[in-house]
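Report on the following structure.
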Amino acid sequence: MTYEHQKIEQKWQKFWSDNHTFKTTDDTSKPKYYALDMFPYPSGQGLHVGHPEGYTATDIMSRFKRAKGFNVLHPMGWDAFGLPAEQYAMKTGHNPADFTSQNVAHFREQIQSLGLSYDWDREINTTDPEYYKWTQWIFEKLYEKGLAYESKMMVNWDPIDRVVLANEEVIDGKSERSGNRVERKALRQWVLKITAYADRLVDDLEELDWPEAIKEQQRHWIGRSKGAAVFFNIDHSDKQIEVYTTRPDTLFGASYMVLAPEHQLVNEIVTDEQSQAVSDYRAMISAKSDLERTDLNKDKTGVFTGAYGINPVNGEKLPIWIADYVLASYGTGAIMAVPAHDERDFEFANKFNLTIKPVIEGGDITQAPYIGDGVHINSDFLNGFDKVTAIDNIISWLEEHGAGHSQTNFRLRDWIFSRQRYWGEPIPVIHWEDGTKSLVPENELPLLLPRATELRPSGNGESPLANLTDWLEVTREDGVKGRRETNTMPQWAGSSWYFLRFVDPHNQEKLADPDKLKYWMNVDLYVGGAEHAVLHLLYARFWHKFLYDLGVVPTKEPFQKLVNQGMILGGNHEKMSKSKGNVVNPDDIVAQFGADTLRVYEMFMGPLTQSKPWSEEGITGSRRWLDRVWRLLVDDAGQLRDHVTTVNQGDLDKVYNQTVKKVTDDVENMRFNTAISQMMVFVNEAYKSEALPIDYMNGFTQLLAPFAPHMAEELWLRLGHESSITYVTWPEYDETQIVDDTVEIIFQVNGKVRGKAKVTRDIDKNSMIDLAKADENVQNFIDGKEIRKIIAIPGKFINIVVG
RNA sequence: GCCGUUGUGGCGGAAUUGGCAGACGCGCUGGACUCAAAAUCCAGUGGUGGCAACACCGUGUGGGUUCGACUCCCACCGACGGCACCA
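So for the first sequence, numbering that gives the first Met the number 0 puts the first residue at 0; every next one is plus one.
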């Protein structure tokens, strides 16, 4: 009987489902393992072959840990709010909820066809009111703690979709999602104070088992820098300018100052003569997109304001300019310019003929600014000091004279949390006509998203909810009228805490039971794409820390170990896309070759973390191997082959034990490709053997089970066991069977291999040397030459160095 | 420009601690089976030279450390990903 994947896979998927094989209980007597995938957005396109890669990886780990005696939590859910559904709804006049649930059903069916061992009783959906009740609850807590506030923000405005985009959703001046050109617009927004957690978000990265590249990206995104705030008085004015600098030690080298064009003080300090030039410049800048101000603009521009600042350390008058190379959003939006020691200031000073005054020895400042360390000069009491000492000294001086202080700054900005969209969690706030606002009381949560079939943009920058007056307008007991918040939450909201809900998905009283959280958290393994390196992972960490401070969760961090799977590219080594016609549909693969083949192939392609190209020949190769495994054990009549016996001739002892060892070790370290290749080696050896010891066949089937679970279950049955293989204890290996009495040693001359010999394992150094010298080919290379040195590692190799 | 990842046969990749480069798979070649083909099984397969033993060359490029380097160090080149004047 040939290997009939469709029959076998359907049979076992039904078995697992009927028997609730993967149902997770809170059995705290066992060690726990929480393996989590980044839950998908159920798009209309369905699954692509990239999804199964990460899912298979966590599934292998889950099945492996079950066999190792762990209580495994391995759940799946849906991140189902999101813009595509809303856009589709607007186009077709449907409600996003309807086809979102269709998409979810399709995704679930596709995912289930892959034989993944999820506990489907824990399935969650961010659009389910039972779920988003708690998303709203967390928002209310943030609000109560002063971490959610409203602010008029210059936001990225997509004039076609009429939605606001966060900075990080704008790529090259265009919307990441719609591709529309983005404009700037001031709108009232809800903002979350993620910056209050900036220090902890940087510091706590240390203790996480994450790829260094991701940690580095987060550190850079948060962008902590240590420096000083310095106050400059303004000539003929009682105003002050506060600048931020990381190099306060170069204060004596400041030769001008720059304000961001949007800086509040510009209007107050500009002189009459310069007023026209300044307003012209500001008009020119505001018309430019961020892209034009940065990428496309390699040439520094700016305008003199006519005003002068006073250097606090020496009383020098410094001309104050405005220039778009200073950003209003970073630091204080004002800098002291030290052109001798800063690239940007140097470029600007050269263009506008401003003074360049060196205060550190080194480099040639007629050619280029000198950024490095060195002895300070032209700096009065800082002369002679190096950078670190000079910074300490100047900060002390500034503090003593009330002219500044040390200061830490972050690149990270607060998180614009509201979206002018329908398809998101309603923000549970009511704005009253008396000017006050209040939260929807906790016992009234969830605040349901009203059902709407006709989604129309409000046209005024508000979400389509502004059209739904029944929902929108509320009256308080005292007769005061109010209007509900029309902004909704971003897609990042539901995904910032879903890993907690999986622990206790049906809890009516709490987000999750504290004892269960204590048992299950942290997530032991979190697998997903690197595109979430910063945003999702940073937001989730922020919420988690907030919930930790509230005492809701027991751990500071949510995800202990993070792994990013690489991309699966098309056969032409390019990213899969419809336009390139290189998209592979997993449904087709499952139908033609089976889920087990797909799983084995995706794991065998190469290291999980690397990008690798899809190959049609590759998948047939994996299928061929599974066929080969099947035929090894099952004959044409569908019976276990006769050569599987209780007799052990011993010829497979070594390779079997090696295989158990290597596969165990590789799976532990998620090196699935080499684990599979070792199983292939075993199968190749088994084909050469006349008798297959049943114990070894049992063990091999167990090793195979996490990779090709359907086939393994079927073989397990035919090997005479009861179902299921899932909780059968993982095989052990016998170290003594791996170690040979004899080993092959290498003879090298000058580091090149010139001979080999089989020797007993415990051979001593001198015998090895004698053997080497006696080797015919070795003699060809050492005869007549002086032996200078012999390096010998017993049992491994010997290197004779001749001169 | 900065940060990160990466570079090994015809292709995907392996080499876990500095110690036989190319495991395993694909492809290709040959053999067995077959009337034949497919499938399957077995064997071979980095390049050059040689009947062979074997020799020389070979892990992006150039240098270095070492008895010995895919592995460590320095400089450079290419590919991929992220960031964009962050004071």
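For each residue, glycine too, the CB sits at the ideal point set by N, CA and C. Everything numeric in this text was worked out from a predicted model, so none of it was measured.
- Among the bridge pairs identified by DSSP, Y243 is matched with A228.
- Excluding five sequence positions before and after T485, the CB atoms of its chain that fall closer than 8 Å to its own CB belong to Q419, S457, E461, S462, L464, A465 and L471, given in chain order.
- Taking C-alpha positions only, V801 is separated from D769 by approximately 16 Å.
- E85 sits buried, since 16 or more C-beta atoms from the chains shown fall within 10 Å of its C-beta.
- Secondary structure at R161: coil, using DSSP grouped into helix, strand and coil.
- DSSP places D36 outside any alpha helix (DSSP H); the residue lies instead in the beta strand (DSSP E), whose first and last residues are K31 to D36.
- Beyond the five residues adjoining it in sequence on each side, W136 comes within less than 8 Å, by CB distance, of E441, L444 and L510 in the same chain, given in chain order.
- Within a 10 Å sphere around the beta-carbon of K316 sit fewer than 16 other beta-carbons, which makes this residue exposed.
- Annotated as proximal: V48 and P585, with beta-carbon spacing under 8 Å.
- In terms of CA proximity to Q701, T728 leads the group G252, T728, S100 and S576.
- When beta bridges are read from the DSSP output, A147 appears opposite L191.
- When the alpha-carbon of T619 is set against those of H400, Q591, R121 and L113, the nearest one is in Q591.
- Distance from the Cα of K6 is smallest, within the candidate group E149, R630 and V589, for V589.
- With fewer than three CB-CB distances shorter than 8 Å, the stretch 389-396 does not count as touching the stretch 234-241.
- F384 and V229 have their alpha carbons spaced roughly 20 Å apart.
- Between the C-alpha atoms of M767 and Q677 there is a straight-line separation of about 31 Å.
- DSSP places M153 within a strand segment (E or B) once states are collapsed to three.
- Rounded to whole angstroms, the gap between the alpha carbons of F106 and W77 is 9 Å.
- I309 is positioned such that its CB atom lies no closer than 8 Å to that of N382.
- Here the alpha carbon of P311 sits roughly 7 Å from the alpha carbon of A402.
- Rounded to whole angstroms, the gap between the alpha carbons of I390 and T245 is 9 Å.
- As DSSP reads the structure, Q406 sits in a beta bridge with G226.
- Between S621 and G565, the alpha-carbon positions lie close to 20 Å from each other.
- Close CB contacts of G550 within its chain, under the 8 Å cut and outside five residues either way in sequence, are absent.
- Runs of the alpha helix (DSSP H) spanning 4 or more residues and lying entirely within the stretch 485-517 occur at 490-493 and 497-500, in chain order.
- When secondary structure is reduced to three states using DSSP, G527 falls in the strand class.
- Under the DSSP assignment, P440 falls outside any beta strand (DSSP E); it carries neither an H nor an E label.
- When DSSP assignments are scanned along the stretch 709-745, the uninterrupted stretches of alpha helix (DSSP H) that are 4 or more residues long and fall wholly within it turn out to be 734-737.
- In this structure, L46 places its C-beta atom within 8 Å of the C-beta atom of I110.
- The beta-carbon separation of V181 and W156, rounded to 7 Å, stays under the 8 Å limit for a contact.
- Residue environment for S328: exposed (fewer than 16 other C-beta atoms within 10 angstroms of its C-beta).
- Taken through DSSP and simplified to helix, strand or coil, A756 comes out as strand.
- Per DSSP, the unbroken beta strand (DSSP E) holding L258 starts and ends at Y255 to L258.
- Bridge partners of N352 according to DSSP: none are assigned.
- Taking all protein chains in view, the Cβ of K22 is surrounded by fewer than 16 other Cβ atoms within 10 Å, so the residue is classified as exposed.
- Between L714 and S688, the gap from beta carbon to beta carbon reaches 8 Å or more.
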